[in-house]
Amino acid sequence: MDIKQYVEKECLKEKLPHVQVGDTVKVEIVVVEGERKRNQIFEGVVIRKRGQGISKTFTLRRVSYGEGIERTFPFHSPSLGKIVVIGQGKIRRSKLYYLRERSGKAARLAKKKNNNKGQREREA
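Its first residue numbered -5, the sequence shown is counted upward by one per residue in our numbering.
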């Protein structure tokens, strides 16, 4: 085993949350400002998942004050706190880039009918 594989194996998180494209997700990020730590929450729709291993990432999109904001998070980042799946969208694409051109009600995703009621939560 070479050094790269060893470092990747040590940094991988054991329990990854089950996040799919189209899910509405609330992510808690630990932000360090000087000596202080605070939690910042980012909520949005997962529009992309990519990569594998330690470089696996997902991108969230939300609209705030009329501006679209996209933020990419690594699954195995130590600054990633909790990931809560709020809802699931009914989609048929692996990348939801078409949401960038839509605004208002057209940017909403249809809700997926699910027998599993409630939210899924897992420490990242």
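Using N, Cα and C, we set each Cβ at its ideal position, and we do this for glycine too. Note that this is a predicted model, so its numbers are computed, not measured.
Residue closest to residue i, alpha-carbon to alpha-carbon, out of the options
i	options	result
P72	K84, K7, I35 and V1	K7
P11	K3, V79 and R32	V79
I48	E4, K99 and V13	E4
I63	Y91, G83 and I77	Y91
E37	P68, L54, R87 and Q14	L54
Secondary structure of residue i, DSSP reduced to three states
i	result
R94	helix
K76	strand
S58	strand
Cβ separation of residue i and residue j, assumed to be a contact under 8 angstroms, to the nearest whole Å
i	j	result
V24	G75	5 angstroms
G60	V40	Contact doesn't hold; Cβ gap of about 21 angstroms is too wide.
K84	K106	5 angstroms
Run of the beta strand (DSSP E) containing residue i, from where it starts to where it stops
i	result
K99	No beta strand (DSSP E) contains K99, which DSSP labels as neither H nor E.
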